[in-house]
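*Asks:*
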Amino acid sequence: MSLMAPSPRRLRSVLFAPGNRPDVVAKLPRSGPDGVIVDLEDAVPPAGKSEARAMARAATEVLAREHPELAVFVRVNAADSEWFADDIGALGPWLAGVVVPKVESSGQVGGIADALARGGVAELAVIAGIETAAGVHRVDSLLTGPVTAAYFGAEDFIVDMGGVRTSGNLEVLYARSRVALACRVAGALALDQVVTAFNDDDGFVADAAVGRSIGYAGKLCIHPRQVPLATEAFSPSTEEIDAARRLLDAFDAGEGVVVVDGQMVDEPMARRARAVIAAAD
Numbered sequence: 008m009s010l011m012a013p014s015p016r017r018l019r020s021v022l023f024a025p026g027n028r029p030d031v032v033a034k035l036p037r038s039g040p041d042g043v044i045v046d047l048e049d050a051v052p053p054a055g056k057s058e059a060r061a062m063a064r065a066a067t068e069v070l071a072r073e074h075p076e077l078a079v080f081v082r083v084n085a086a087d088s089e090w091f092a093d094d095i096g097a098l099g100p101w102l103a104g105v106v107v108p109k110v111e112s113s114g115q116v117g118g119i120a121d122a123l124a125r126g127g128v129a130e131l132a133v134i135a136g137i138e139t140a141a142g143v144h145r146v147d148s149l150l151t152g153p154v155t156a157a158y159f160g161a162e163d164f165i166v167d168m169g170g171v172r173t174s175g176n177l178e179v180l181y182a183r184s185r186v187a188l189a190c191r192v193a194g195a196l197a198l199d200q201v202v203t204a205f206n207d208d209d210g211f212v213a214d215a216a217v218g219r220s221i222g223y224a225g226k227l228c229i230h231p232r233q234v235p236l237a238t239e240a241f242s243p244s245t246e247e248i249d250a251a252r253r254l255l256d257a258f259d260a261g262e263g264v265v266v267v268d269g270q271m272v273d274e275p276m277a278r279r280a281r282a283v284i285a286a287a288d
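Using this note's numbering, you'd call the opening residue of the sequence shown number 8 and step up by one each time.
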């Protein structure tokens with residue numbers, strides 16, 4: 008599957024801020040995230056949507072201008088909401104892209120592309136929120152057109168399922184893995200679920216390790232203290248880099264069966280090592 012829009016840059020850590028809090032938006036770069044999302048959806052009550060929209064437009068323009076290294080996104084309201092069209096109309100070309108929550112059908116993806124074109128921002132990449140039963144079920148058909156990345160929203164998904172959220176995450180393992188797999192096949196960037204307990208560093212690190220192990224490239228953060236944890240979790244460690252270099256040195260120099268650190272090395276392992284080096288670079 009080919010994607011029409013360019014993929015977002017590397018996003019190991021992506022930090023949220025409410026669209027109606029320009030003071031908080033201005034502080035987003037302090038924790039050093041790869042990307043930020045100024046939220047017009049869950050963080051803003053219905054009565055404040057219009058005011059937040061204007062605030063977010065002004066604040067993101069300043070943020071993008073003053074921090075060109077930062078990928079700045081706006082999360083609009085869902086495509087079937089009464090606020091969606093006005094949210095799209097308030098987006099600016101300085102953004103790295105737009106985040107659309109609760110994407111569930113290919114028809115919605117087409118409608119999002121049309122809305123971006125009408126709003127004069129057709130070049131913006133779209134991060135789709137896959138956070139409902141229908142979205143997970145149809146995820147393969149959603150990663151096309153302007154959609155170049157997706158995030159898995161565990162909290163909304165389990166509510167939609169009528170399930171129960173647990174600390175072990177088993178209830179979302181299938182859906183979480185399904186989204187990561189679909190993103191890999193489509194060549195889209197996969198962003199992992201939030202950890203709502205923002206003061207539980209150990210829990211965040213453990214959850215991020217699982218996300219990386221099943222193919223996610225980065226993680227959504229709801230608090231600045233989570234940002235460095237996510238950046239580290241989704242970056243190759245010094246040990247991983249050293250091991251990858253040893254493996255490639257031996258593999259490239261060897262003939263036939265090569266053994267490194269007690270493991271027999273073949274081409275798939277070499278590809279993984281090359282990917283580690285590429286990520287480090």
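We put the CB at the ideal spot given by N, CA and C, even for glycine.
(1) Could you tell me which residues DSSP puts in a beta bridge with residue 34?
(2) With 16 other CB atoms within 10 Å as the buried threshold, where does residue 245 fall?
(3) Which runs of the alpha helix (DSSP H) spanning at least 4 residues fall entirely within the stretch 166 to 228, listed in chain order?
(4) To the nearest angstrom, how far is it from the Cα of residue 3 to the Cα of residue 207?
(5) What residue range does the beta strand (DSSP E) around residue 80 cover?
(6) Would DSSP call residue 245 helix, strand or coil?
(7) Output the distance between the C-alpha atoms of residue 251 and residue 283, rounded to the nearest integer angstrom.
(8) When you compare the CB positions of residue 143 and residue 185, do they come within less than 9 Å of one another, or not?
(9) Quick one: Cα of residue 271 to Cα of residue 256, how far?
(10) Whole angstroms is fine: what's the gap from residue 34's alpha carbon to residue 158's?
(11) Comparing C-alpha positions only, which one of 78, 55, 182 sits nearest to residue 145?
(12) Taking all protein chains shown into account, do 16 or more other C-beta atoms lie within 10 angstroms of the C-beta of residue 75, making it buried, or fewer, making it exposed?
(13) Hey, residue 110 and residue 136 are a contact pair by Cβ (cut 8 Å); roughly how many whole angstroms apart?
(14) In this structure, does DSSP put residue 268 in helix, strand or coil?
(15) Quick check on this structure: which residue in 47, 71, 99, 68 has the alpha carbon closest to the alpha carbon of residue 88?
(16) Count Cβ pairs between the stretch 19 to 34 and the stretch 233 to 243 that sit closer than 8 Å; are there 3 or more?
(17) Do you know whose CA, among 55, 174, 58, lies nearest residue 211's CA?
*Replies:* Let me lay it out:
(1) None; residue 34 has no bridge partner.
(2) exposed
(3) Those alpha helix (DSSP H) runs which fall completely within the stretch 166 to 228 and span 4+ residues are 177 to 193, 208 to 220.
(4) There is simply no residue 3 to check, as the chain begins at 8 and stops at 288 in what is shown.
(5) Counting along the chain, the beta strand (DSSP E) containing residue 80 begins and ends at 78 to 82.
(6) The answer is helix: DSSP assigns residue 245 an H, G or I state.
(7) Residue 251 and residue 283: Cα-Cα distance of roughly 7 Å.
(8) By the CB criterion at 9 Å, residue 143 and residue 185 fall inside the cutoff.
(9) 14 Å
(10) 23 Å
(11) 182
(12) With fewer than 16 other Cβ atoms within 10 Å, it is exposed.
(13) Taking 8 Å as the upper bound for CB-CB distance, residue 110 and residue 136 are in contact here, some 6 Å apart.
(14) Coil at residue 268, not helix or strand.
(15) Looking only at 47, 71, 99, 68, the smallest Cα-Cα distance to residue 88 is reached by 47.
(16) yes
(17) Closest by alpha carbon: 174.
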